[in-house]
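For what it's worth, this note's numbering labels the leading residue of the sequence shown as 51, then goes sequentially. The beta carbon of each residue, even a glycine, is placed where N, CA and C say it ideally should be. Okay, structure first, notes after.
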Amino acid sequence: MSLHRQFPPDFVWGVATSSFQIEGAAFEDGKGESIWDRFCKQPGAIADASNGHVACDHFHRLDEDLDLIASLGVNAYRFSIAWPRVQANGYGEFNPKGLDFYERLVDGLKRRGIQAWATLNHWDLPQGLQDRGGWNDRDTVHRFVDYARHVQARLGDRIAGLTTHNEPWVVATLGNEQGIFAPGIKDRKIATQVSHHLLLSHGLAMQALRADGAKSQLGIVLNLSSWVPATAMPADIAAARLADAHGRRWYTDPLFKGSYPEDALADLGADAPVVQAGDMEVIAQPMDYLGVNYYTRAVMSASGEAWNAKARGLPVSDMDWEIYPQGLTDLLVGLKNDYANLAPVYITENGGAFPDNQIQAGGVQDDDRIDYLRTHIAAVASAMQQGVPMAGYMVWSLMDNFEWASGYLKRFGIVHVDYDTLARTPKASADWYRQFLRDWRG
Ligand code: PNW
């Protein structure tokens with residue numbers, strides 16, 4: 051059966067972005083400084099020494115970008131709301147002008163018949179809160195709940211899916227343990243406390259939003275991989291199991307079982323987070339959906355290090371991440387097997403960075419990206435056939451944008467962005483996705 055026929059008529063198809071990566075207008079209309087604005091100033095933090103001051107200038111090109119999204123034929127658009135636009139310091143007064151922008155965005159989507167999928171935290175925490183300890187401080191949890199309620203009060207009636215956090219693992223581990231992402235802290239004890247506070251704020255926000263009469267589906271987005279042992283040797287199997295505990299079960303166990311995994315806790319020892327009575331029950335309340343971001347698998351050996359796929363001659367993207375669609379099926383089937391109460395699953399990000407060496411007179415002929423998308427969509431279909439409750443799929447990303455520590459050097463877009471002129475040009479992959487969706491609609 052052809053690929054598009056394997057998806058039901060109510061399947062959600064989208065493209066995704068995030069505020070810091072595309073908006074620019076970093077200090078307009080009263081927006082406060084975010085931890086990423088600050089981090090970009092740190093020498094050596096960003097590969098091309100760039101920042102988010104202009105990015106794709108989406109803030110000033112909203113109508114053009116809404117038309118672009120509509121031209122793809124998607125029925126959903128996933129974006130994020132920059133907290134420091136809505137509340138400059140993360141505490142104190144809200145800035146009504148900040149939400150004006152997102153109101154124009156959700157109304158523009160509605161007019162075009164496209165569902166709005168909004169994420170409240172895609173990493174751009176107000177620097178004012180970081181100055182008070184950031185996610186390591188339990189008070190930030192309550193500040194987040196206030197912010198979430200404020201957004202819902204103004205826009206909730208027009209948002210199909212509201213996500214608390216994008217990829218708490220990245221915030222905790224890359225931001226607070228490895229220090230390669232904002233806020234650039236290198237402390238495992240802080241990182242695990244950050245992960246607990248992110249989960250707790252997710253749970254408390256879900257409760258508060260529901261008490262306020264939420265009309266949107268509520269959930270969280272996790273970056274998950276498929277952790278597999280390099281060989282059948284017991285030490286490799288144990289390494290893969292522990293990596294899965296820290297990378298996946300550390301988040302999915304609290305959300306679906308109400309506890310942290312014992313093996314990860316034992317491994318953390320004194321670096322385990324402080325958990326107060328009642329926290330785990332708050333975290334474990336049922337969600338309307340789980341968002342999963344998938345890019346690659348991780349092959350683990352006894353040393354604990356993942357395989358270097360490129361050195362082994364395996365297919366990789368421009369991030370040097372192995373291209374392995376079967377890992378997506380394995381991951382999704384694993385979630386279903388591990389959690390009988392698994393919520394409907396949306397792939398909220400999937401896609402590849404590929405070098406921009408295929409620019410031709412007619413545009414960008416990114417056949418490697420088309421292959422990536424087609425094979426991963428097929429992997430979703432396969433998981434669905436095996437009983438995983440799949441509800442949607444969103445491509446990362448709508449357009450080339452600020453790829454965090456890689457700056458503007460890595461391009462994930464199905465639409466090309468010329469960073470001199472800021473012109474948007476759909477790549478061949480955008481044409482492929484549009485045709486795929488046309489076939490699916492029939
Ligand atoms: C995700 N890792 O980030 C984010 O949600 C996006 O904002 C980002 O642009 C996209 O994936 C591509 O990188 C991740 O190193 C960054 O494991 C790094 C990792 C995972 C996800």
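| query | result |
| --- | --- |
| Presumed contact (8 angstroms Cβ cut-off) between Trp63 and Leu487, rounded CB distance | 6 angstroms |
| CA nearest to the CA of Pro375, picked from Ser353, Asp368, Val430, Met337 | Val430 |
| Straight-line Cα distance separating Ser251 from Asn237 | It is Asp, not Asn, that sits at residue 237 in the sequence shown. One C-alpha to the other measures close to 21 angstroms. |
| Beta carbon nearer than 7 angstroms to a non-hydrogen atom of ligand 1 | Ser68, Gln71, His172, Asn216, Glu217, Val220, Leu224, Asn273, Asn343, Tyr345, Met369, Glu399, Trp446, Ser447, Glu453, Trp454, Phe462 |
| Ser130 - DSSP class collapsed to helix/strand/coil | strand |
| Three-pair Cβ contact test at 8 angstroms for the stretch 266–283 versus the stretch 343–353 | yes |
| Secondary structure of Ser84, DSSP reduced to three states | strand |
| Same chain, Cβ closer than 6 angstroms to Asp329, five either side skipped, listed in chain order | Leu250 |
| Integer-rounded CB distance, given that Asn391 should sit under 8 angstroms from Val445 | Contact flag wrong, Cβ pair sits at about 28 angstroms. |
| Sub-9 angstroms separation of His215 and Asn186 beta-carbons | no |
| Where the beta strand (DSSP E) through His252 begins and ends | From DSSP, His252 is part of no beta strand (DSSP E) but of the alpha helix (DSSP H) over 238–261. |
| Environment of Thr398 [buried if 16+ CB atoms lie within 10 Å] | buried |
| Residues of its chain near Lys477, where Cβ-Cβ distance is below 8 angstroms and the 5 sequence neighbours each way are ignored | Gly413, Val414, Gln415, Asp416, Arg419, Gly463, Ile464, Val465, His466 |
| Val395 - containing beta strand (DSSP E), residue span | 395–399 |
| Contact between the stretch 73–90 and the stretch 134–141 (3+ Cβ pairs under 8 angstroms) | yes |
| Under 9 angstroms between C-beta atoms of Val65 and Tyr127 | yes |
| In DSSP terms, what Asn451 is bridged to | Answer is none; Asn451 lacks a bridge partner. |
| Whole beta strand (DSSP E) elements within the stretch 134–215, 3-residue minimum | 165–171 |
| Thr475, enclosing beta strand (DSSP E) - first and last residue | 474–476 |
| Inter-residue spacing [alpha-carbon to alpha-carbon] between Met440 and Trp490 | 16 angstroms |
| Residue range of the alpha helix (DSSP H) that includes Trp63 | Counting along the chain, Trp63 falls outside any alpha helix (DSSP H), though it belongs to the beta strand (DSSP E) covering 62–66. |
| Contact the stretch 289–308 vs the stretch 194–212: 3+ CB pairs below 8 angstroms | no |
| Assigned secondary structure, Glu312 (DSSP; H/G/I helix, E/B strand, else coil) | helix |
| Endpoints, the beta strand (DSSP E) within which Met444 is located | 440–446 |
| Residues bridged to Glu372 [DSSP beta-bridge criterion] | Val366 |
| Three-state secondary structure (DSSP) of Pro218 | helix |
| C-beta contact flag for Leu472 and Val104 at 9 angstroms | yes |
| Straight-line gap, Asn145 to Tyr152 (C-alpha atoms, nearest Å) | 12 angstroms |
| For Trp277, the residue or residues it bridges with in DSSP | Ala348 |
| Any 3 or more C-beta pairs closer than 8 angstroms across the stretch 108–124 and the stretch 89–98 | no |
| Proximity below 9 angstroms, CB of Arg291 to CB of Asp313 | yes |
| Counted within 10 angstroms of its Cβ, other Cβ atoms place Gln485 as buried (16 or more) or exposed | exposed |
| Cβ-Cβ distance between Gly269 and Asp338 below 9 angstroms | yes |
| Counterpart residues of Asn343 in DSSP-defined beta bridges | Asn273, Glu399 |
| Boundaries of the alpha helix (DSSP H) in which His108 is found, first to last residue | Note, His108: premise wrong, no alpha helix (DSSP H); not H, not E. |
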